[in-house]
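See below for the structure under consideration.
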Amino acid sequence: IDVDNLPLDDKKTFDMLQEGETIAVFQLESEGMRNLMKRLCPDCIEDIIALVAMYRPGPLEGGMVDDYINRKHGREEPDYMHPRLENVLKETYGVILYQEQVMQCTSALAGFSLGQADLLRRAMGKKKLEIILKERAHFVEGAVANGVDGEQAGHIFDLIEKFAGYGFNKSHSAAYAIVTYQTAYLKANYPAEFLAATLTSVVNNPDKVPVFLDECGKLDIPILPPDINESERQFSVYDGAIRFGLAAVKNVGRDIVDELIAEREQNGPYSSLTDLCTRLQVNRKMLESLIKCGALDCFGVKRSQMLAVVDKALELAKKVNADKNSAQMSLFDFGMSDDIMNAQSLEFPDIKEFSEAELLAMEKEMIGFYVSGHPLDCYEKVFTRKISHTITDALQLEDKTAVILAGAVNDYRSLLTKNGESMAAFTLEDKEGSIRCVAFPKTYAKIHSYLYSGNIILLSGKISLRDASPQLVIDDANIVGTLYLRLPDSEDTAFIDRVKAMLAPNVGSMKVSFYYNNLKQYHEPEGLGGVYPDKVLMRELRELLGDANVVLK
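If you want the numbering used here, it's the position in the sequence shown, counting the first as 1, plus 106.
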């Protein structure tokens, strides 16, 4: 795509901008900017240029933004102050938005040369009162000579001076806006390719990657784990899905990634665990990392099974390669070597696959991010009803803003104050980002039972900007959600034990409550702690109990 020659009137692009769907778009990512776009509804490149120039404290606080939006949408009439200024201010609906307009206004109304106009603009920008007063007299004199009433000329000069302090260089704004439009066009028309490139550009920024992964989910772009037979070094696109690159996998170095891809391109895809170990010089740690992150799922074997035979696979590959390199190898031995290389020679134990929570934890450990799902997926509807902000949005808030956030506790540390009182610090992580949290002694005393790594909780508190980065000072905490199961009979212990057996392996923080039809009341099951209600468990419960009898609130 020739990005320097894109059509500047692409409907898909402007539809996307008007919806405020601009995560990853240059200059337009912040919540404030996205909200402003929804109000403005840009429909031309000039609007984007104006948008970039307006999104600053001065114009936002001075009413210029409201004037521009209201006049664009016909709710107010443009005020050009004088007919001579209409051509100068028409594109911004009478709002003096650009520094160039300040110069053009003085030239059009009072006959200033561009050199004189620029000197006045600079004096206004730097509030040099002596020069401003001197030039005011020259301005009024020149305007009167052009048939403008003297009193009106003075009033217009004062308005120009006011807006000159907010003025932005249009040539800079236009340059930004072109790049903004280019990135918006690519996202609107080639979302998978654009976000794959964006992810590659931020792969070493753990705060940014989850935001863009979440954006892929919102756009229904599947995110696939690394794959030994499909992945490139970095993020790539296959059939509309984004595939993680092999360079992202922990314990797999750049050289081995290059060797792996070159071997695959030269001799075809890897067919089995044994085939991989035979064709590449892999070690135990590297092989385990590839299994855990899902890069070897293409072999059609459970990750639990592959991890159980890692040592055997490496030994088998060593024997095959020794055979191939032996000078005394007989024809019969050569034939046996082909058999050894066959994946069927490696017997896998008949064991159960890891739970969804365990598989996700492995992906996070090996890649740094969740790929095939997220531990918070099943809590999403609960979060939506309870929280005030996502963590990414909360990080943009002002000091002491009250918020309600939800997510998983990570990196938990218990601490002691100088007075020997207990407190805690940890990271709260949702699907978009993370924030440091602190519970001081008084709060810690009432919520400490909720604070442990992996627990999923709801926190209320205030944003603090005292340190280098924002953190949440906690006021209160609570467990998120309850899983309600309706059972037919409180006396049917065999059936109740069967349900408990289904729940027991999925350890988590969500409460469970049984409702017995014969008793017409709720009951907290004995001997069963909290659960993690992943998709597999929820499906199995619904198959056993019926959809209407399994409710997550």
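The C-beta atom is built at its ideal place from N, Cα and C for all residues, glycine as well.
Suppose contacts are defined by Cβ-Cβ distances below 8 Å. Is residue i in contact with residue j by that definition?
| i | j | result |
| --- | --- | --- |
| Gly479 | Glu462 | yes |
| Arg145 | Ile175 | yes |
| Lys506 | Lys568 | yes |
| Lys537 | Asp320 | yes |
| Ala216 | Ala249 | yes |
| Leu643 | Asn612 | yes |
| Tyr485 | Ile562 | yes |
| Val171 | Met160 | yes |
| Gly200 | Pro184 | yes |
| Leu134 | Thr286 | yes |
By DSSP, does residue i sit in helix, in strand, or in coil?
| i | result |
| --- | --- |
| Glu535 | strand |
| Gly359 | coil |
| Gln577 | strand |
| Asp517 | strand |
| Lys234 | coil |
| Ser619 | strand |
| Leu522 | strand |
| Leu413 | helix |
| Thr496 | coil |
| Asp598 | coil |
| Phe440 | Caution applies to Phe440, whose pLDDT of 47 falls short of 50 and renders its modelled position unreliable; the model cannot decide the point. |
| Leu138 | As written in the sequence, residue 138 is Gly, which differs from the Leu given in the question. Correct three-state label for Gly138: helix. |
| Met529 | strand |
| Met447 | Any reading at Met447 is ruled out, since the residue's pLDDT is 48, under 50, leaving its predicted position unreliable. |
| Gln434 | With a pLDDT of only 46 at Gln434, under the threshold of 50, the placement of this residue in the model should not be trusted; the figure read from the coordinates follows. Gln434: coil per DSSP, three-state reduction. |
| Leu393 | helix |
| Asn584 | strand |
| Leu658 | strand |
| Cys543 | strand |
So, at 6 Å on beta carbons, what are the nonlocal neighbours of residue i in its own chain, with the 5 sequence-adjacent residues on each side left out?
| i | result |
| --- | --- |
| Lys276 | Tyr204 and Glu206 |
| Leu325 | Pro297 |
| Gly614 | Gly636, Val637 and Tyr638 |
| Glu182 | Asn176 |
| Arg648 | Val656 |
| Gln434 | For Gln434, the pLDDT reaches just 46, beneath the cut-off of 50, and the residue's location in the model is therefore unreliable, leaving the point undetermined. |
| Ile155 | Ser279, Ala280 and Ala283 |
| Gln124 | Cys147 |
| Lys391 | Asn357 |
| Leu593 | Phe620 and Tyr622 |
| Gly513 | Leu534, Glu535 and Asp536 |
| Leu564 | Lys492, Ala512, Asn584 and Val586 |
By Cβ distance below 8 Å, which residues in the same chain neighbour residue i in space, the five residues on each side in sequence not counted?
| i | result |
| --- | --- |
| Tyr344 | Leu330 and Glu336 |
| Gln577 | Ile541, Arg542, Cys543, Val544, Ile569 and Ser570 |
| Val347 | Strictly speaking, residue 347 in this sequence is Ala, with Val absent from that position. Only Ala298, Ile327, Pro328, Ile329 and Leu330 meet the Cβ criterion. |
| Phe438 | Bear in mind that the predicted position of Phe438 carries a pLDDT of just 49, short of 50, making it unreliable; the figure below should be weighed with that in mind. Around Phe438: no qualifying Cβ. |
| Glu630 | Lys617, Val618, Ser619 and Phe620 |
Quick one: residues in its chain with C-beta nearer than 7 Å to the C-beta of residue i, no 5 flanking neighbours on either side, listed in chain order?
| i | result |
| --- | --- |
| Cys404 | Asp333, Ile334 and Asn335 |
| Phe120 | Pro148 and Asp149 |
| Pro312 | Gly474 |
| Leu220 | Met209 and Ser213 |
| Gln411 | Phe454, Pro455 and Ile457 |
| Tyr558 | Val515 and Tyr518 |
| Leu191 | Cys211, Ala214 and Leu215 |
Measuring only between beta-carbons, confirm whether residue i sits less than 8 Å from chain C.
| i | result |
| --- | --- |
| Phe475 | The displayed structure is made up of one protein chain only, and chain C is not part of it. |
Can you round the beta-carbon distance between residue i and residue j to whole angstroms, since I take them to be within the 8 Å contact cut?
| i | j | result |
| --- | --- | --- |
| Ser528 | Leu534 | In fact, because the Cβ distance is near 19 Å, the residues do not count as touching under 8 Å. |
| Ile367 | Glu338 | 7 Å |
| Leu452 | Val477 | About 26 Å separates the two Cβ atoms, so there is no contact after all. |
| Val509 | Ser494 | 5 Å |
| Val109 | Gln288 | 5 Å |
| Glu241 | Ala229 | 7 Å |
For the 8 Å Cβ check, are there 3 or more pairs between the segment 598-609 and the segment 567-584?
no
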